[in-house]
Amino acid sequence: MTPRSLFALLALSSTDACTMYGVSRTASADGSTMVSHSDDGAGDSDSRLSYVPPARHKPGSMRDIYPTIDEYPKFIGDAFGKTFLPLPGQALTKPIGQIPQVEATHGYYLNGYAIQNDCELSFGESTASAVFRADAVGTPNGTALLAIEELSHLAAERVCTAREAVQLMGDLAVQYGFFGPDGGAGEMLVVGDPDEVFVFHILSDPTARSAIWAAQRVPEGEVMVAANHFVIREVDLDDADRFLGSPHMHRVALQHGLWDGRGKLDFTAAFSLGEYGNKYYSGRRMWDGFRRFAPSVALPPAYNSTDPWSGLKESRPYPFSVPPDAPLALTDLLAAHRSHYEGTSFDMTRGVAAGPFGSPDRYAVPGTPGDTKRGAWERSVAIYRAAFAWIAQAGGSADRDRKQDSAVVDRDSAAASGAVALQKLLPDPPPEETGALRRGDRGDGCGCRSKIWFGPADPATTVFVPLSVCAGPPPEQYTRGGPGKVDRESAYWAHRYTQNLAQVRYSAMIVDIRAHSLEWEEQGAALALQIGAL
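In structure tokens, the structure reads:
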């Protein structure tokens, strides 16, 4: 097995293969920014939501840094809210190091990665291949302290803008070292605030004690798509409005033969190892997003490749971002996350492999990823092994919010009664922590307008519900449930049960499931209008 094949195998078996979208403020229908994420792990991911309250810390105190754990339970302890408090027989997760703490920290939601904080700083994530590796402190030969989970937590705790977040994460990783989830992967985040959206790329550096990173702003009026493959190309650090990054990336690329020094450095060409597993593993999802959001651009679904992994990296078939054909609403991102390429020549609900009832699920088959003799299933956006997905919104005009949501939901008496029922699930806002940062305090008097839409299990059969950091801890049903034991009080298991039941006769049952999902999501939109804080 070649080193590249070994990496592909490790990547698919031990990381969360995810899809993320980022919508700039003027590309959205309501003037909000939107960032999204789906956790498409191996079926053993931790789906529980947690709330970390704002806090004030003693001068000179230290902030513990914790290891990355890919499977349930992801963390055991009280550092990240009540969700992860130990159950009987569980040992506390031990920190692997410390960094200096700041005086005050923001409250935020997390589920492995930070989702959104109380000043609407929002995150989505997708793992990517990378040319350098490092291992975590505390493991054999480990030298790096920070993984993407903790980097996102630190950003959510300490800053309010996307620009500040990518700079902070990059600086901390350069100082303390970055390691990927399997010791050989890079990472991507899409980071949004009410005004800007940035795409952040990071990987270990060749010393295994620092990091290489870059961030590019999504242009106003445009939308980006990423799916387990770097997307930042030519980096121009002289253009500080559009790009941020580690200044030593050029020197490293030259020293290691990853760049010839001519023209601007192509970050993806230099530092990516290509697609996971097989050709089109990433590219098909990217094509699907762009063909949904901007069909007039007519990007190709196929591209050339010299090996099973390098086609997307070498042929550059897709841009960093595009202007959508029409302003994008929340419902556009929900539909994108539910995609099995329905209605295209890659429709996974059709053909012999879909069986007599049109199931889009394609379970893993034996063999080495990238084995061209065996081939591979299409990799859909919605996938049976997903643990959850979310869309986080920031900012937006109240008038335009009302216009968009009115287009989504007919606020009749049925919707209103459903909104009341949903409102009962929301917790009362907790009292402010003494001396802590006020929720949503951006210094502009806007208060907290946090809004995320969270769906447990497979996005194709889930209900995305509106939640807000402003409300404090999420409903208990979203804070419980492991993948190894059915829990009837868990939202994750309610949706996983529905997902499994649909396989009895998918083509018929998905019609009813989707209708009920949309009905509840419409009621959620009505609730968001009624309670105002969302």
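Note that the sequence shown covers residues -17 to -1, 1 to 517 in mature numbering (1 follows the signal peptide of the UniProt record, and there is no 0). Heads up, the beta-carbon is just placed ideally off N, CA and C, and yes, glycines get one too. Note that this is a predicted model, so its numbers are computed, not measured.
C-alpha gap between residue i and residue j, whole angstroms
i      : j      : result
ASP388 : LEU313 : Because the pLDDT of ASP388 is 46, which lies under 50, any placement of that residue in the model is unreliable, and the number read from its coordinates should be weighed accordingly. Computed Cα separation, rounded: 9 Å.
ASP424 : HIS40  : Because ASP424 sits at a pLDDT of 46, beneath the cut-off of 50, its placement in the model cannot be relied upon, and the point is left open.
TRP503 : PHE183 : 33 Å
SER11  : VAL149 : 22 Å
PRO439 : ALA370 : 6 Å
LEU512 : SER433 : 13 Å
HIS231 : ALA194 : 10 Å
ARG497 : LEU316 : 15 Å
GLN376 : ALA198 : 20 Å
ASP495 : TYR346 : 24 Å
ILE185 : GLU170 : 5 Å
VAL280 : LEU104 : 30 Å
ASP221 : GLY246 : 13 Å
ALA508 : LEU501 : 10 Å
Local Cβ density within 10 Å of residue i, reported as buried at 16 or more and exposed below that
i      : result
TYR475 : buried
PRO71  : exposed
TYR461 : buried
ASN261 : buried
SER473 : buried
SER451 : buried
ALA402 : With a pLDDT of 34 at ALA402, under the threshold of 50, the modelled position of this residue cannot be trusted, and the question is left open.
THR190 : exposed
GLN73  : exposed
GLY379 : buried
LEU510 : buried
MET17  : buried
ALA309 : exposed
GLY464 : buried
ALA130 : buried
TYR335 : In the sequence on display, residue 335 carries Val and not Tyr. Its Cβ having fewer than 16 others within 10 Å, VAL335 is exposed.
ASP101 : buried
THR289 : exposed
LYS468 : exposed
Whether residue i touches residue j by CB criterion (9 Å)
i           : j      : result
MET3        : GLU108 : yes
SER304      : SER7   : yes
SER322      : ARG275 : yes
ILE435      : GLN99  : yes
ALA485      : THR444 : yes
GLY163      : ALA223 : no
ALA365      : SER28  : no
ALA(-1)     : ARG267 : no
VAL173      : VAL201 : yes
GLY80       : ASP47  : yes
residue 519 : GLY60  : Any answer about residue 519 is impossible in this case: the structure gives the chain only from -17 up to 517.
ARG116      : SER187 : yes
GLY272      : THR9   : no
GLY153      : LEU227 : yes
GLY240      : ARG192 : no
SER265      : ALA210 : yes
TYR286      : PRO302 : no
ALA139      : LEU93  : yes
SER19       : TRP373 : yes
N-terminal and C-terminal residue of the beta strand (DSSP E) that residue i is part of
i      : result
MET171 : 168 to 175
ARG479 : No beta strand (DSSP E) holds ARG479; the alpha helix (DSSP H) holding it covers 474 to 484.
ASP188 : Premise fails: ASP188 is in no beta strand (DSSP E) and is neither H nor E.
ARG46  : 45 to 48
TRP196 : 194 to 200
GLY438 : 434 to 439
ALA97  : 96 to 100
Proximity to residue i [Cα-Cα], best of the options
i      : options                           : result
ALA87  : ARG141, ASN94, HIS136 and ILE52   : ARG141
SER342 : ALA25, MET152 and ARG488          : ARG488
PHE340 : SER187, GLY64, THR126 and SER490  : SER490
HIS212 : TRP373, PHE250 and PRO284         : PHE250
MET207 : ASP219, PHE181 and ARG225         : PHE181
PHE67  : ALA319, ARG31 and PRO306          : ARG31
ALA253 : TYR264, ALA285, ILE215 and PHE226 : ILE215
GLY121 : THR76, ALA97 and ASP154           : THR76
GLY24  : GLN482, THR481, HIS499 and PRO466 : PRO466
ALA307 : ALA277, VAL85 and ALA477          : Reading off the sequence, residue 307 comes out as Pro, not Ala. Of the listed residues, the one whose Cα sits closest to PRO307 is ALA277.
PRO42  : TYR49, PRO83, ASP53 and ALA372    : PRO83
HIS499 : PHE447, ALA319, LYS296 and GLY455 : PHE447
MET269 : TYR324, GLU217 and LEU256         : TYR324
Alpha helix (DSSP H) segment containing residue i, residue limits
i      : result
ALA375 : Taken as a continuous stretch (DSSP letters only), ALA375 belongs to no alpha helix (DSSP H), being part of the beta strand (DSSP E) at 371 to 378.
GLU140 : 131 to 141
SER451 : Counting along the chain, SER451 falls outside any alpha helix (DSSP H), and DSSP gives it neither H nor E.
ALA236 : 232 to 238
THR251 : 250 to 254
ALA145 : 145 to 159
Contact with chain D by residue i, beta-carbon distance below 9 Å
i      : result
ARG488 : No chain D appears in this structure, which consists of one protein chain only.
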